[in-house]
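Novice: In case it helps, mature numbering (1 follows the signal peptide of the UniProt record, and there is no 0) puts the sequence shown at residues -21 to -1, 1 to 318. Backbone N, C-alpha and C fix where the C-beta goes; we use that ideal spot for every residue, glycine too.
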Amino acid sequence: MKKRCVLFIFAVFFLSGFVAAEKITLKIATVAPARSPWEIELKKLAQEWNRITKGQVSVRFYNMTVLGGEKAGVQKLRSARPGQPAPMDGAIFSSLGLHELEPKSGIYTLSLPFLIKSQKELDLVLKTYGKDIEDPIANAGFQLITWSNVGWLSFYTKESYRTLKELKSIKLSLSGMDSPILSNSFKVSGFNVKDTPITKFAQALKSGGVSGFLAVHLATWATGFYKDINYALDSRICPIMAGFVISKESWNKIPAQYQAPMLAAAEKARKALNESLDSSDREYVKKMEQAGVKMIRLTPQELTEWQKEFNMNIDQVNKSLPGAFSMPLYKKIQSLLAS
């Protein structure tokens, strides 16, 4: 009897240790600015995942800038040595990081100027052709959890402008985005772009080393960079995408019965973010204007002129930098949105 009791106690301790070993902490690098609505929604998602998995899965977020930027974030998704786990299980990247992760995804295609002009159009494009982008990412070994539109591209400058020619004469930075493809695409299009490391961008902006940058209203407000510029474009050029990916190795550690509900929760978070995007953008514009930033709002005629010139730039980039974006996907999206 005593022997059976000892065996039972041993089995309980053994099984308890086994269950504890099954707990999973996902380390996720993120470009979401601290204390932004985006970060708040991600933390809610982490709590929901923990609830869905009955405490088995927890998420720990790491600031991408602190890690060294998106290119460094991509490297941290890969093991430094065979047999060793990668430093990060997943990441929330902008288009830049997703392109670095898998250039074949053609992710920059979604951000070609004036191709997609509303959230409704973006939702239709992702519903129709999302697999064209997702499949290469999956083939590279990553599970796409969800997409998100984090805002509409804007130009922030110290000098005023009305025409694209005037804007192209201003020395711009990609706000620390270390992407040769993106930088070269702007240079081929005639922009005066200065390559600035992420660690030196803030100082370059303050000192006048650059006179402007590209970003979205959310990031410009959250980082405080609006304090160093005088003008901001308040016209929709293109959506700036973000994608939440987790390595398949890490994703497959999660019990299968939880994966579908976790993806559904991520989709719910995506919808909440997208639905609040317009109102939050208006709020950031209002705050920047109150801080003294002047908004440049293009007339319909000016927008038409910008679109014509950008369309010519797209052809130039495609010829000079093949692979920067997917021309077949570009044509399909054009056809879809024209119908």
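1) For my contact list, E79 and V53 are in at a C-beta cut-off of 8 Å; report their separation, rounded to the angstrom.
2) Answer yes or no: do T4 and V36 have a C-beta to C-beta separation smaller than 9 Å?
3) Taking contact to mean 3 or more Cβ pairs, one atom from each stretch, closer than 8 Å, check whether the segment 219 to 229 and the segment 126 to 138 are in contact.
4) Taking the alpha helix (DSSP H) that T9 falls in, what are its first and last residues?
5) Pull up the distance between the alpha-carbon of T178 and that of N163, whole angstroms please.
6) Go through its chain and collect everything with a Cβ distance to Y210's Cβ below 6 Å, but skip five positions before and after it.
7) Three or more beta-carbon pairs under 8 Å between the segment 89 to 98 and the segment 282 to 298, yes or no?
8) Mind checking who N128 pairs with in its DSSP beta bridge?
9) Please check the pair E49 and G76, which I expect to be a contact at CB under 8 Å, by giving their CB distance rounded to whole angstroms.
10) Tell me, to the nearest whole angstrom, how far the beta carbon of T88 is from that of L308; I am working on the premise that it is less than 8 Å.
11) Here's the rule I'm using: 16 or more other beta-carbon atoms within 10 Å means buried, otherwise exposed. How should R39 be labelled?
12) Using a Cβ-Cβ cutoff of less than 7 Å, which residues in the same chain neighbour E81 once the five nearest sequence positions on both sides are dropped?
13) Return the CA-CA distance between S259 and P61, expressed in angstroms with no decimal places.
14) By Cβ distance, which residues of its chain are closer than 7 Å to A198, with the 5 residues on each side in sequence left out?
Specialist: A quick look at the data gives this:
1) Taking 8 Å as the upper bound for CB-CB distance, E79 and V53 are in contact here, some 5 Å apart.
2) Yes. Within cutoff.
3) Yes, the segment 219 to 229 is in contact with the segment 126 to 138.
4) No alpha helix (DSSP H) holds T9; the beta strand (DSSP E) holding it covers 3 to 9.
5) If you take the alpha carbons of T178 and N163, they lie about 20 Å apart.
6) Once the five neighbours on either side are set aside, the close Cβ partners of Y210 are T136, S139, K273, I275.
7) These segments touch.
8) Looking at the DSSP assignment, N128 forms a beta bridge with M220.
9) Rounded, the Cβ-Cβ distance is 4 Å, consistent with contact.
10) About 5 Å; that satisfies the 8 Å criterion.
11) Per the 10 Å Cβ criterion, exposed.
12) The beta carbon of E81 sits closer than 7 Å to the beta carbons of P115, I116, A119 from its chain, once the five residues preceding and following it are set aside; these are given in chain order.
13) Per the coordinates, the alpha-carbon of S259 lies some 44 Å from the alpha-carbon of P61.
14) Closer than 7 Å at Cβ, skipping near neighbours: P12.
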